[in-house]
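*Asks:* My questions all concern the structure below.
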Amino acid sequence: MRQFLKILIPIAVTIFFTQSAFGYGPKGYEPSKHQKNHDGKSGGGKGHHGYGRPKGPPADIPAHIKERMSPDGKGINLNGSQIGVTGISIMAETPALKNVVSMALKSNKLGDEGVRIITQSSTFKHLELLSLWDNGISPAGIKMLARGANFNNLKELNLMQNNLGDEGIVLLVDSSNLFHLTSLDLSANKIGDKGAIAIATSPYLSNLKKLDLFNNQITLKGLEAILQSKTLVSLKNIDFVKNNIDDESAAKLWESHMNSCRALKNSDHPNKKKLPLCGN
């Protein structure tokens, strides 16, 4: 399946796209050291084997937060800092972050309580790019995110490797907070067809351009729903590697979809519909 999808979409779609480079902090951000590869592991030299990784939160969390902020206070990269609920609480009370728009918070042990704090603090009301990769977030946390006023300007959201399941996805995509979203990473969340269909039918994802569903449990039924979606009309990139679809079935489905795309392209109908991944 993986080999097939590597060559599946030569023009209209880039199957492999990595997480957005939430590229903040005075020292910058190097995507190659933080992006996932398609074995489900993160890159990064010695970090691959655990050498040099912190064993817990920084001794001085406020100083660490200040160090990892961009000079203008609009971005912060705390990937792998393990600041926990204590750390996010400190961030919520940090005046220098009142205009923050970009937060990279991978592997910080935030859990649902951390999401609650982000949701309720006016410090984070300008957020546009948010990475909560690997933070033990459940559907309860997603429900808070979906309803939180601080999330209605989000453009890029990374929820890779949490505990969302279909329940969390249904809650997430039923939120108008996603209306401005252009990039959504849901990799490794045990999503099945119910979640995929919820994504395909959400009325709030019409601006979504990138969708990452790497390493889930979606079958042909779920992929077909996404390809035939009437609302994912801006979608240009999808990662569907490591789901429950065999090569032959995926090839037939993709060929059929490309035929539909070509037919639409050649149509002169003034009200012709749009389909995902057709280069609309």
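86 is the number that UniProt numbering gives to position 86 of the sequence shown; each next residue is one higher, with no gaps. For each residue, glycine too, the CB sits at the ideal point set by N, CA and C.
1. In the DSSP assignment, find the unbroken beta strand (DSSP E) run with LEU129 in it and report its ends.
2. I believe ASN77 touches LYS109 by the beta-carbon criterion, under 8 Å. Please report the beta-carbon distance rounded to the nearest angstrom.
3. If you draw a straight line from the C-alpha of residue 286 to the C-alpha of LEU172, how long is it?
4. Within 10 Å of its beta-carbon, does PRO71 have 16 or more other beta-carbons around it, so buried, or fewer, so exposed?
5. Looking at the structure shown, is ILE245 part of a helix, part of a strand, or coil, going by DSSP?
6. When the distance is taken between beta carbons, is LYS274 closer than 7 Å to VAL233?
7. Whole beta strand (DSSP E) runs in the stretch 52-109 with 3 or more residues, listed along the chain?
8. Using only alpha-carbon positions, find the residue among ILE226, VAL101, SER107 and SER175 that is nearest to GLN161.
9. Quick test of the definition: if touching needs 3 or more C-beta pairs under 8 Å, does the stretch 139-150 touch the stretch 112-125?
10. Nearest CA to the CA of ARG147: which residue from THR119, LEU130 and SER131?
11. Can you check which of these residues, SER102, GLY168 and ASN177, is closest to ALA149 by C-alpha distance?
12. Just to confirm my understanding: we take MET103, look at its own chain, exclude 5 residues before and 5 after, and list those with CB closer than 6 Å. What are they?
13. On a CA-only basis, which of PHE124, GLN228 and GLY80 is nearest SER202? Give me that one, please.
14. Short of 7 Å in beta carbon distance, which residues of its chain neighbour HIS180, apart from the five on each side in sequence? Order them along the chain.
15. Within its chain, find whatever has a CB closer than 6 Å to the CB of LYS221; leave out the 5 residues flanking it on each side and keep chain order.
16. Specify, as a first and last residue, the run of the beta strand (DSSP E) that ILE238 falls within.
17. My output table needs one value for residue 287: the three-state DSSP class, helix, strand or coil.
18. Residues in the same chain with beta-carbon distance under 7 Å from ILE218, minus the five sequence neighbours each way, listed in chain order, please.
19. Within 10 Å of its beta-carbon, does ASP60 have 16 or more other beta-carbons around it, so buried, or fewer, so exposed?
20. Does the distance from the CB of VAL101 to the CB of HIS126 come in under 7 Å?
21. Do you know offhand how far LYS74's Cα is from THR231's?
22. In the structure shown, what three-state DSSP assignment does LYS155 receive?
23. Assuming ILE88 and PRO62 make a contact with CB atoms under 8 Å, what is their CB distance in whole Å?
24. Is it buried or exposed, ASN99, if we count other Cβ atoms within 10 angstroms and call 16 or more buried?
25. Would you mind working out which of LEU223, VAL241, ASP185 and ASP246 sits nearest PRO276, comparing C-alpha positions?
26. List the residues that DSSP assigns as beta-bridge partners of LEU211.
27. Between the Cα of LEU157 and the Cα atoms of SER256, LEU205, VAL241 and ILE83, which residue gives the shortest distance?
28. Looking only at C-alpha atoms, which of ILE137, LYS252, VAL170 and GLU167 sits nearest to LEU159?
29. Considering LYS190, what are the terminal residues of the alpha helix (DSSP H) in which it resides?
30. Which two residues bound the contiguous alpha helix (DSSP H) that contains ILE226?
*Replies:* Per the coordinate set shown:
1. Residue mapping note: residue 129 aligns to position 129 of the sequence shown, counting from 1. Taken as a continuous stretch (DSSP letters only), the beta strand (DSSP E) holding LEU129 covers 129-131.
2. Taking the sequence shown and counting its residues from 1, the one referred to as residue 77 is at position 77. Taking the sequence shown and counting its residues from 1, the one referred to as residue 109 is at position 109. Not a contact, Cβ separation roughly 17 Å.
3. The displayed coordinates of the chain run from 1 to 280. Any statement about residue 286 would go beyond what the structure contains.
4. Start at 1 with the first residue of the sequence shown, and residue 71 comes out as number 71. It counts as exposed.
5. Reading the sequence shown from its first residue, position 245 is the one you call residue 245. Three-state result, ILE245: coil.
6. Mapped onto the sequence shown, residue 233 falls at position 233. Mapped onto the sequence shown, residue 274 falls at position 274. The answer is yes: Cβ separation under 7 Å.
7. 75-77 and 102-104
8. Against the sequence shown, residue 161 aligns to sequence position 161. The shortest C-alpha separation from GLN161 is found at SER107.
9. yes
10. Your numbering for residue 147 matches position 147 in the sequence shown. If we check each option's Cα against that of ARG147, THR119 comes out closest.
11. On the sequence shown, position 149 is the one that residue 149 refers to. Measuring from the Cα of ALA149, the nearest candidate turns out to be ASN177.
12. Position 103 of the sequence shown holds residue 103. Result list for MET103: ILE76 and LEU130, in chain order.
13. Walking along the sequence shown from the start, residue 202 turns up at place 202. The residue with the shortest Cα to Cα distance from SER202 is GLN228.
14. As a position in the sequence shown, residue 180 is number 180, starting the count at 1. So the list reads ASN153, LEU154, LYS155 and ASN207, once near-sequence residues are dropped.
15. Here residue 221 corresponds to residue number 221 of the sequence shown, with the count starting at 1. Contacts found: ASP193.
16. The residue labelled residue 238 in the question sits at position 238 within the sequence shown. Counting along the chain, the beta strand (DSSP E) containing ILE238 begins and ends at 237-239.
17. Residue 287 lies beyond the residue range present for the chain, which begins at 1 and ends at 280; the question has no answer from this structure.
18. Within the sequence shown, the letter at position 218 stands for residue 218. ILE191, GLY192, ASP193, ALA196, ASN243 and ASN244.
19. Counted from its first residue, the sequence shown places residue 60 at position 60. Classification for ASP60: exposed.
20. On the sequence shown, residue 101 is found 101 positions in, with the first residue counted as 1. On the sequence shown, residue 126 is found 126 positions in, with the first residue counted as 1. Yes. Within cutoff.
21. As a position in the sequence shown, residue 74 is number 74, starting the count at 1. As a position in the sequence shown, residue 231 is number 231, starting the count at 1. Those two C-alpha atoms are separated by around 32 Å.
22. If you number the sequence shown from 1, residue 155 lands on position 155. In this structure, LYS155 counts as coil in the three-state DSSP scheme.
23. Numbered from 1 along the sequence shown, position 88 holds the residue referred to as residue 88. Numbered from 1 along the sequence shown, position 62 holds the residue referred to as residue 62. With 8 Å as the limit, ILE88 and PRO62 do not qualify as a contact, their Cβ atoms being about 12 Å apart.
24. Here residue 99 refers to the residue found at position 99 when the sequence shown is read from its first residue. So ASN99 ends up on the exposed side.
25. The residue labelled residue 276 in the question sits at position 276 within the sequence shown. Of the candidates LEU223, VAL241, ASP185 and ASP246, the one whose C-alpha sits nearest the C-alpha of PRO276 is LEU223.
26. In the sequence shown, counting from the first residue as 1, residue 211 sits at position 211. In DSSP, LEU211 forms a bridge with LEU184 and ILE238.
27. Numbered from 1 along the sequence shown, position 157 holds the residue referred to as residue 157. Comparing Cα positions, the closest option is LEU205.
28. Here residue 159 refers to the residue found at position 159 when the sequence shown is read from its first residue. It is ILE137 whose Cα lies nearest to the Cα of LEU159.
29. As a first step, residue 190 must be located in the sequence shown, where it is residue number 190. Run containing LYS190: none; DSSP gives neither H nor E here.
30. Here residue 226 corresponds to residue number 226 of the sequence shown, with the count starting at 1. ILE226 -> alpha helix (DSSP H) spans 220-227.
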